[in-house]
Amino acid sequence: MTVSERPVALITGAARGIGRGCAVALAKAGFNVLLNDRDGAEDIALLQSAARDIQALGGDAEIFACDVADLDLHCVLFAAALDKWGRLDVVMNNAGVSVKSRGDILDVEVDSYDYNLSVNTRAVFFLTQRAAKYMLAQGQIGDQHRAIINVTSCNVVALALNRGEYCVSKAASSMTTKLFSLRLAEEGIGVYEIQPGIIETEMTRPSKAKYDKLIAEGLVPMKRWGQPEDIAKYVVSMAEGQMPYSIGQAVLVDGGLTIPNF
Ligand code: NAI
């Protein structure tokens, strides 16, 4: 098998939003990218269009649709990158879901709790574990940094009582990030966390009018929505190893939303 000269990144939840923005940015930075999302018809069509966008920029992209909550599919997902390019340098755990319905934590139902934990926590833990094992076995290729990047949320630090199960799921993934960063510290594999604030994507679309008003009123000190491209700049830095001599860093990309002030 020929091993690609270009580094390879796998991005989950890459059909739209933050994942798609980061995939394009990584491709522009010289990575071949494997784009994953769910296997619904709309998701697949969006994955295909993202791959075409990247190819139009001169990049190399493949798609592999599967539900990351199905742990049995993780080995096939990895194989899609390895069969094509023979290496994997960056894994970005971005796929995530919100609560089934917002409401009092006293009313959270098992179904929504399990849904959040299965995607936002369990899938992230086991994809991180698989990435860690694979990267250890592969070793470093040339001077290419190896990185695992987990997208959690500013809700790791700021509580949302009407989305309790989401907060719990993301806080657990924050711990996953720290644990693996410690385990891999001496191996030179960086494990990082991004905690986005209010980012303009499909996930926040149902609350757009509410957030437009709150942002205009000063909820976010920078007084604007975050964009996937804001997150992508940090992801590219992390993927390239531009955070030397630090492990398990969590970067809040939230325009100041969570900074304590009065
Ligand atoms: P989005 O809803 O626009 O995109 C998420 C993508 O993940 C979708 O394409 C979806 O199909 C995919 N996905 C969901 N479950 C999946 C599964 N089981 N298997 C494979 N793919 C799956 O959301 P957005 O905003 O781009 O979110 C990306 C990440 O950022 C998520 O983890 C989210 O929790 C996190 N985040 C987003 C914030 C925001 O304001 N938009 C704020 C804080 C965190």
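Residues 9 to 270 in the numbering used here are what the sequence shown spells out, letter by letter. For glycine and all other residues, C-beta sits at the position ideal for the given N, C-alpha and C.
What did DSSP end up calling Q3 once you bin it into helix, strand or coil? The displayed coordinates of the chain run from 9 to 270. Any statement about residue 3 would go beyond what the structure contains.
Going by other Cβ atoms of all chains shown within 10 Å of its Cβ, with 16 needed for buried, is C175 buried or exposed? Indexing the sequence shown from 1 puts residue 175 at position 167. Sixteen is the threshold: when 16 or more other Cβ atoms of the shown chains lie within 10 Å of the Cβ of C175, as they do, the residue is buried.
How would you call C30, buried or exposed, if buried means at least 16 neighbouring beta carbons within 10 angstroms? The residue labelled residue 30 in the question sits at position 22 within the sequence shown. By the neighbour-count criterion, in which a residue is buried when 16 or more other Cβ atoms sit within 10 angstroms of its Cβ, C30 is buried.
First and last residue of the uninterrupted beta strand (DSSP E) at V159: Taking the sequence shown and counting its residues from 1, one reaches residue 159 at position 151. It spans R154 to V159 - the beta strand (DSSP E) in which V159 sits, taken as one unbroken run.
Expressed to the nearest angstrom, what Euclidean distance is found between the alpha-carbon atoms of L222 and I267? Stepping through the sequence shown from its first residue, residue 222 is reached at position 214. Stepping through the sequence shown from its first residue, residue 267 is reached at position 259. Taking the straight line from one Cα to the other gives about 16 angstroms.
Those residues which DSSP pairs with N101 across a bridge: Locating residue 101 in the sequence shown gives position 93, counting from the first residue. Answer is N158, bridged to N101.
So, using beta-carbon positions, are V132 and N101 closer together than 8 angstroms? Translated into positions along the sequence shown, residue 132 becomes position 124. Translated into positions along the sequence shown, residue 101 becomes position 93. Cβ distance < 8 angstroms, so V132 and N101 count as in contact.
Cβ-based burial, F270 [other Cβ within 10 Å; buried from 16]: The residue you call residue 270 lines up with position 262 of the sequence shown. Exposed: under 16 other Cβ atoms inside 10 Å.
Contact set for A35: own chain, Cβ-Cβ below 7 angstroms, skip 5 residues either direction: For the purposes of this step, residue 35 is taken as residue 27 along the sequence shown, with counting starting at 1. So the qualifying residues of the chain are V41, I62, L65, G67 and A69.
Would you tell me roughly how many angstroms separate the C-alpha atoms of H153 and M246, rounded to the nearest one? Here the question's residue 153 lines up with position 145 in the sequence shown. Here the question's residue 246 lines up with position 238 in the sequence shown. Separation of H153 and M246 (C-alpha to C-alpha, rounded to the nearest whole angstrom) is 9 angstroms.
So which of V32, S120, D45 and Q235 has the shortest CA-CA distance to R60? In the sequence shown, counting from the first residue as 1, residue 60 sits at position 52. Of V32, S120, D45 and Q235, the residue nearest in Cα terms is V32.
Complete alpha helix (DSSP H) runs within the segment 181–233 (minimum length 4 residues, chain order): Counting only runs of 4 or more, we get 216–224.
For the beta strand (DSSP E) containing G96, list its first residue and its last residue. In the sequence shown, counting from the first residue as 1, residue 96 sits at position 88. Reading off the sequence shown, one finds Leu at residue 96, where the question assumed Gly. Run containing L96: none; DSSP gives neither H nor E here.
For E50, which beta-bridge partners are listed by DSSP? Position 42 of the sequence shown, counted from the start, is the residue given in the question as residue 50. E50 pairs with nothing; no bridge assigned.
When the Cα atoms are used, what is the spatial distance from V165 to T10? Within the sequence shown, the letter at position 157 stands for residue 165. Within the sequence shown, the letter at position 2 stands for residue 10. Linking V165 to T10 through their CA atoms gives a straight-line distance of about 44 angstroms.
Counted within 10 angstroms of its Cβ, other Cβ atoms place A23 as buried (16 or more) or exposed: Numbered from 1 along the sequence shown, position 15 holds the residue referred to as residue 23. So A23 counts as buried.
Proximity test, I156 beta-carbon vs ligand 1 heavy atom, cut-off 7 angstroms: Locating residue 156 in the sequence shown gives position 148, counting from the first residue. No, the beta carbon of I156 sits no closer than 7 angstroms to any heavy atom of ligand 1.
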